[in-house]
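2 protein chains.
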Amino acid sequence: MQYTTLTTLGEYRDTGPSRVLLLDSPYVKILQFTLKAGQALPLHKHDDEGYVSLTVVEGTGNFLDTQGKHPAKAGDHCLCPIAEPHGVEAVTDMRVLVHIAPPV
Amino acid sequence: MQYTTLTTLGEYRDTGPSRVLLLDSPYVKILQFTLKAGQALPLHKHDDEGYVSLTVVEGTGNFLDTQGKHPAKAGDHCLCPIAEPHGVEAVTDMRVLVHIAPPV
């Protein structure tokens, strides 16, 4: 059993988003990205099966897809086949919990 | 691409926790439980491989394990092998996002 306070997990860095791995397993990878205002995980995709699940833990920003930007705040969720382009950008400081199943 | 505002997903019901399925796939099942104050998902386990990931979206309560209770508030996370006993109880009205990989 592993308990984590996501709202204090990961450092805000001037150099770019930081990332903390919560679980690396054969079934699912769980990590949290911490982005300062203005930082982004640009639109990207993986040529694999499976899903990526993005949950905003703190802050506000936008989910990114091929249509453009979709506003995202704490408590918002984006579910995406991992083969479809996805990304996120921080408007304020922002933390995003990510589940990838199966891991890529 | 599926966008969801988790903070308004699911009904608070007098009769017990309600549940909304976000994804049922071969790789991962994602659902959200909505619990009124005092309601619980009692301690239980599944004799399977894999993990359950619990993320508190709203409210306060306790994660449950064989040791007892572990305080849980919005932004708190519990990661558990699905074969280990786990549960959650709501102290205030509470929403909990659940990822199960692989699905059971």
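First to last, the protein sequences are chains A and B. Numbering-wise (our numbering), the first sequence opens with residue 1 and increments by one. Numbering-wise (our numbering), the second sequence opens with residue 1001 and increments by one. Yeah, the Cβ is synthetic: ideal placement off N, Cα and C, and Gly gets one too. Fair warning: this is a prediction, and the values are worked out from it, not measured in the lab.
- Among the residues of the segment 39-62 of chain A, those with a Cβ less than 8 Å away from any Cβ of chain B are E49, G50, Y51, S53, T55, V57, E58, in the order of the chain.
- Our two residues, V88 of chain A and T34 of chain A, have alpha carbons roughly 11 Å apart in a direct line.
- According to the DSSP assignment, L1035 of chain B belongs to the beta strand (DSSP E) that extends over 1029-1035.
- Look at L6 of chain A here: in three-state DSSP terms it is helix.
- Contact holds between the segment 1031-1049 of chain B and the segment 1090-1097 of chain B, because three or more Cβ pairs, one in each stretch, are under 8 Å apart.
- Under the Cβ distance rule, A37 of chain A does not count among the residues neighbouring chain B, no pair being separated by less than 8 Å.
- Among the residues facing chain B, L31 of chain A is not included, as its CB has no counterpart in that chain under 8 Å away.
- Under the DSSP assignment, M1094 of chain B falls in the beta strand (DSSP E) whose first and last residues are 1094-1101.
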